[in-house]
Amino acid sequence: MGQPVRDYLLTLCVTAAVTYLLTGPVRKFAIAIGAMPAIRARDVHREPTPRLGGIAMFGGLCAGLIVADHLLNLNGVFELSNEPRALLSGAALIWLIGVLDDKFEIDALIKLGGQMIAAAVMVIQGLTILWLPIPGVGTVALTQWQGTLLTVALVVITINAVNFVDGLDGLAAGMVCIASAAFFLYTYRLWYGYGIEAAAPATLFAAILMGMCLGFLPHNMHPARIFMGDSGSMLIGLVLAAGAISVTGQVDPDLMKLFEGGEREATHAMLPVFIPLLLPLTIIAIPAADLVLAIVRRTWNGQSPFAADRGHLHHRLLEIGHSHSRSVLIMYFWSALIAFGAVGYSVHSASLWIVLVIVGLSAVGLVLLLMPRFTPRAPRWAESFVPPRYRRRRRVGSEGEAEDTLYGQHGPEGSQMVSPEPERAPVSVGVSGVNGATAIGPRSRFTDRDRADSPR
4 MGQPVRDYLL TLCVTAAVTY LLTGPVRKFA IAIGAMPAIR ARDVHREPTP RLGGIAMFGG
64 LCAGLIVADH LLNLNGVFEL SNEPRALLSG AALIWLIGVL DDKFEIDALI KLGGQMIAAA
124 VMVIQGLTIL WLPIPGVGTV ALTQWQGTLL TVALVVITIN AVNFVDGLDG LAAGMVCIAS
184 AAFFLYTYRL WYGYGIEAAA PATLFAAILM GMCLGFLPHN MHPARIFMGD SGSMLIGLVL
244 AAGAISVTGQ VDPDLMKLFE GGEREATHAM LPVFIPLLLP LTIIAIPAAD LVLAIVRRTW
304 NGQSPFAADR GHLHHRLLEI GHSHSRSVLI MYFWSALIAF GAVGYSVHSA SLWIVLVIVG
364 LSAVGLVLLL MPRFTPRAPR WAESFVPPRY RRRRRVGSEG EAEDTLYGQH GPEGSQMVSP
424 EPERAPVSVG VSGVNGATAI GPRSRFTDRD RADSPR
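Under my numbering, the first residue of the sequence shown carries the number 4, and numbering increases by one thereafter.
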């Protein structure tokens with residue numbers, strides 16, 4: 004095979020284009036069939052918004068696989084491996100369950116059973132963990148039952164972790180896109196850098212997953228016009244888990260020829276072998292941490308682990324004063340730092356500067372968390388290029404003198420604010436609109452709505 008960078012880019016672009024173009028008709032279809040649930044206590048949007056965005060994402064997945072099958076450098080993945088067919092089978096099943104849940108709100112235990120069945124379908128078709136590289140032990144072969152149980156567990160955990168962070172506009176799609184980009188860099192290096200053909204399916208899965216998320220994000224960014232729903236969140240979670248399973252349990256570490264040289268050189272060279280154990284965890288580190296904290300919190304409060312609440316990490320960011328957009332960007336930042344930090348360390352594990360950069364960026368992230376109400380001031384020449392909340396507006400005093408203040412701030416008594424454009428009136432929660440805008444008007448901190456009124 005030649006260097007397939009252009010083929011991967013074409014596959015990504017086709018997947019993103021199909022997902023983007025399908026999302027508009029899917030939104031109209033969701034509105035027509037009434038797939039617009041009422042506002043729940045844990046929701047942060049202010050209007051009923053259509054779901055079923057996973058239909059468009061599944062269309063993008065199918066388009067990406069079809070295009071890759073007809074490309075010169077990628078069709079060998081379908082000839083030498085059954086993993087793409089296994090992924091499509093499991094994805095179709097989990098997508099169907101998600102569509103039914105978006106429309107009819109099926110029970111959480113039924114969804115859990117469907118997730119396990121979808122994972123089992125992939126295992127039956129060969130997408131399973133065969134061995135594990137264990138530090139200090141070497142490559143450990145797994146029995147059929149051990150590989151099946153580990154594969155099903157990884158799929159279920161990843162699906163639910165992604166589903167748990169799907170609480171803000173653009174959050175889940177953006178975090179998974181960042182994770183798949185880091186995963187693509189790692190798996191492409193294994194394939195093209197080390198010549199390991201077994202890493203090709205995982206590389207293809209990561210490229211297609213990036214396209215699915217990028218195509219859906221323009222419709223899902225705040226204020227979202229459509230939500231991906233469980234049909235989308237469970238789908239991208241399964242694709243992410245499939246890539247991790249493929250590269251973790253299918254790539255033989257002995258093929259990397261890393262055991263030459265002295266003991267210290269071999270220790271550093273073995274890091275790319277151990278990274279597959281850690282990279283899937285770093286990719287879903289933020290969602291997994293949210294999942295574990297939610298289970299502990301609900302169990303501690305005497306609730307069911309499946310009971311919905313407003314204690315997720317993104318809810319906490321909103322409560323301490325961060326805006327919707329800033330909360331999403333902060334989650335993006337931490338996801339990128341963990342995922343790309345792990346990939347960078349696997350390439351140059353002996354470089355101290357990588358560790359220093361990660362520590363420095365972590366300090367920046369902590370500073371951002373401690374300044375939730377900081378609003379940057381845009382210079383006058385850039386006011387037409389920034390959102391209205393970053394613009395200055397004139398304050399007319401009692402004596403008729405005009406002063407400048409930051410747009411969105413309140414002046415003293417007796418002064419009048421002159422804004423450059425009229426403010427939008429807040430929308431009542433009870434209004435049943437169909438334009439899909441969310442969080443319009445002043446944000447409520449939901450002090451009187453701590454519990455959810457319906458399970459997720």
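Where is the CB? At the ideal position from N, CA and C, for every residue including glycine.
Excluding sequence positions up to five away, which residues of its chain have a Cβ less than 7 Å from the Cβ of G67? Within the sequence shown, numbered from 1, the residue matching residue 67 stands at position 64. Excluding positions up to five away in sequence, the list reads T14, V17, T18, I211 and G214.
When V350, S387, L55 and A35 are compared against Y191, the one with the closest alpha-carbon: As a first step, residue 191 must be located in the sequence shown, where it is residue number 188. Looking at the Cα atoms, V350 is the closest of the given residues.
Report yes or no: do the segment 77-87 and the segment 110-120 share at least 3 C-beta pairs separated by less than 8 Å? Not touching, per the Cβ criterion.
Can you tell which of M334, I34, T142 and I69 has the C-alpha that lies nearest to the C-alpha of P53? Here the question's residue 53 lines up with position 50 in the sequence shown. Just measuring C-alpha positions, the residue of M334, I34, T142 and I69 sitting nearest P53 is I34.
Counting Cβ pairs closer than 8 Å, one from the segment 213-231 and one from the segment 22-33, do we hit at least three? Remark: three or more beta-carbon pairs, one from each stretch, lie closer than 8 Å, so the segment 213-231 and the segment 22-33 are flagged as touching.
On a CA-only basis, which of G27, G235 and M125 is nearest L103? Give me that one, please. As a first step, residue 103 must be located in the sequence shown, where it is residue number 100. Per the Cα distances, G235.
What is the C-beta distance between M119 and M231, in whole angstroms, given that I count them as a contact (C-beta under 8 Å)? The residue labelled residue 119 in the question sits at position 116 within the sequence shown. The residue labelled residue 231 in the question sits at position 228 within the sequence shown. Actually they are not in contact, since the Cβ atoms of M119 and M231 sit about 22 Å apart, beyond 8 Å.
Helix, strand or coil: how does DSSP classify V17 here? For the purposes of this step, residue 17 is taken as the residue at position 14 of the sequence shown. In the three-state DSSP reduction, V17 falls in the helix class (H, G or I).
L12 versus L238: straight-line alpha-carbon distance, rounded: Sequence index remark: in the sequence shown, residue 12 carries index 9 (1-based). Sequence index remark: in the sequence shown, residue 238 carries index 235 (1-based). In this structure, the alpha-carbon of L12 lies about 22 Å from that of L238.
Between which two residues does the alpha helix (DSSP H) harbouring A462 extend? Absent from the model: residue 462. The displayed extent of the chain is 4 to 459, so no value can be given.
Of the residues H325, L364, A345 and R228, which one's Cα is nearest the Cα of G27? If you number the sequence shown from 1, residue 27 lands on position 24. Per the Cα distances, R228.
CA-CA distance, G305 and L296? As a position in the sequence shown, residue 305 is number 302, starting the count at 1. As a position in the sequence shown, residue 296 is number 293, starting the count at 1. Our two residues, G305 and L296, have alpha carbons roughly 14 Å apart in a direct line.
Grouping DSSP H, G and I as helix and E and B as strand, with all else coil, what is A227? The sequence position of residue 227 within the sequence shown is 224, counting from 1. Residue state for A227 is assigned as coil, using DSSP reduced to three classes.
When you compare the CB positions of V29 and G63, do they come within less than 8 Å of one another, or not? Looking up residue 29 in the sequence shown gives position 26. Looking up residue 63 in the sequence shown gives position 60. No, the Cβ-Cβ distance between V29 and G63 is not below 8 Å.
For L135, which of helix, strand or coil comes out of DSSP? Numbered from 1 along the sequence shown, position 132 holds the residue referred to as residue 135. Note: L135 maps to strand in three-state DSSP.
Would you tell me roughly how many angstroms separate the C-alpha atoms of Y197 and L188, rounded to the nearest one? Locating residue 197 in the sequence shown gives position 194, where the first residue counts as 1. Locating residue 188 in the sequence shown gives position 185, where the first residue counts as 1. One C-alpha to the other measures close to 13 Å.
Under 8 Å by Cβ, that's how I've got M224 and G173 pegged, so tell me the actual separation to the nearest angstrom. Within the sequence shown, residue 224 is the residue found at index 221, counting from 1. Within the sequence shown, residue 173 is the residue found at index 170, counting from 1. Sure, about 4 Å apart at Cβ, within 8 Å.
Proximal residues to F343 (C-beta, below 7 Å), its chain only, five neighbours per side dropped: Stepping through the sequence shown from its first residue, residue 343 is reached at position 340. Only A185 meet the Cβ criterion.
Just list the alpha helix (DSSP H) runs in the segment 52-134, keeping only unbroken ones of 4 residues or longer that don't cross its boundaries, in chain order. List check, alpha helix (DSSP H) in window: 57-72, 78-83, 86-107 and 111-127.
What does the Cβ neighbour count give for I97, buried or exposed, with the cut at 16 atoms within 10 Å? Looking up residue 97 in the sequence shown gives position 94. Looking at its Cβ environment, which holds 16 or more other Cβ atoms inside 10 Å, I97 is buried.
May I have the straight-line CA-CA distance separating Y475 from M374, to the nearest angstrom? With the chain covering only 4 through 459, there is no way to say anything about residue 475.
For L12, is the beta carbon positioned less than 7 Å from some heavy atom of the ligand MN? The model on display carries no ligand, and the ligand MN is accordingly not part of it.
Would DSSP call T302 helix, strand or coil? Residue mapping note: residue 302 aligns to position 299 of the sequence shown, counting from 1. T302 falls in the helix class under three-state DSSP.
Could you give the distance in angstroms between the alpha-carbon of I69 and the alpha-carbon of E82? Sequence index remark: in the sequence shown, residue 69 carries index 66 (1-based). Sequence index remark: in the sequence shown, residue 82 carries index 79 (1-based). In a straight line, the C-alpha of I69 is about 13 Å away from that of E82.
Along the chain, where does the alpha helix (DSSP H) containing S326 start, and where does it finish? To locate residue 326, count along the sequence shown from 1; it is residue 323. From DSSP, S326 is part of no alpha helix (DSSP H); its letter is neither H nor E.
Between the C-alpha atoms of G93 and L241, what's the straight-line distance to the nearest angstrom? Start at 1 with the first residue of the sequence shown, and residue 93 comes out as number 90. Start at 1 with the first residue of the sequence shown, and residue 241 comes out as number 238. C-alpha separation (whole angstroms): 8 Å.
Report buried or exposed for S387, applying the criterion of at least 16 other Cβ atoms within 10 angstroms of its Cβ. Position 384 of the sequence shown, counted from the first residue, corresponds to residue 387. Answer is exposed; the Cβ neighbour count stays below 16.
Whole-angstrom distance between L320 and N85, CA atom to CA atom: In the sequence shown, residue 85 corresponds to position 82, counting from 1. In the sequence shown, residue 320 corresponds to position 317, counting from 1. Those two C-alpha atoms are separated by around 43 Å.
On a CA-only basis, which of A71, I36 and C65 is nearest V8? Give me that one, please. Here residue 8 refers to the residue found at position 5 of the sequence shown. Among A71, I36 and C65, the Cα nearest to that of V8 belongs to A71.
Contact belief for A122 with T146 at Cβ below 8 Å, rounded distance in angstroms: The residue given as residue 122 occupies position 119 in the sequence shown. The residue given as residue 146 occupies position 143 in the sequence shown. Taking a contact as a CB-CB distance under 8 Å, the pair A122 and T146 does not count as one, their CB atoms being some 17 Å apart.
DSSP state of T151, grouped into three classes? Here residue 151 refers to the residue found at position 148 of the sequence shown. Correct three-state label for T151: helix.
Same chain, Cβ closer than 6 Å to V331, neighbours up to 5 away in sequence not counted: Residue mapping note: residue 331 aligns to position 328 of the sequence shown, counting from 1. These residues qualify, in order along the chain: L171, G173 and L174.
Rounded to whole angstroms, what's the CA-CA distance from L193 to P204? Just pull it up for me. Locating residue 193 in the sequence shown gives position 190, counting from the first residue. Locating residue 204 in the sequence shown gives position 201, counting from the first residue. Roughly 11 Å between the two C-alpha positions.
Taking just the CA atoms, how far does R300 sit from T131? For the purposes of this step, residue 131 is identified with residue 128 of the sequence shown, where counting begins at 1. For the purposes of this step, residue 300 is identified with residue 297 of the sequence shown, where counting begins at 1. T131 and R300 have their alpha carbons spaced roughly 32 Å apart.
Using the rule of at least 16 other Cβ atoms within 10 Å of the residue's Cβ for burial, across every protein chain shown, is W337 buried or exposed? For the purposes of this step, residue 337 is taken as the residue at position 334 of the sequence shown. Residue environment for W337: buried (at least 16 other C-beta atoms within 10 angstroms of its C-beta).
Which value, in whole angstroms, describes the spacing of the CA atoms of L90 and T206? Residue mapping note: residue 90 aligns to position 87 of the sequence shown, counting from 1. Residue mapping note: residue 206 aligns to position 203 of the sequence shown, counting from 1. For L90 and T206, the distance between alpha carbons rounds to 13 Å.
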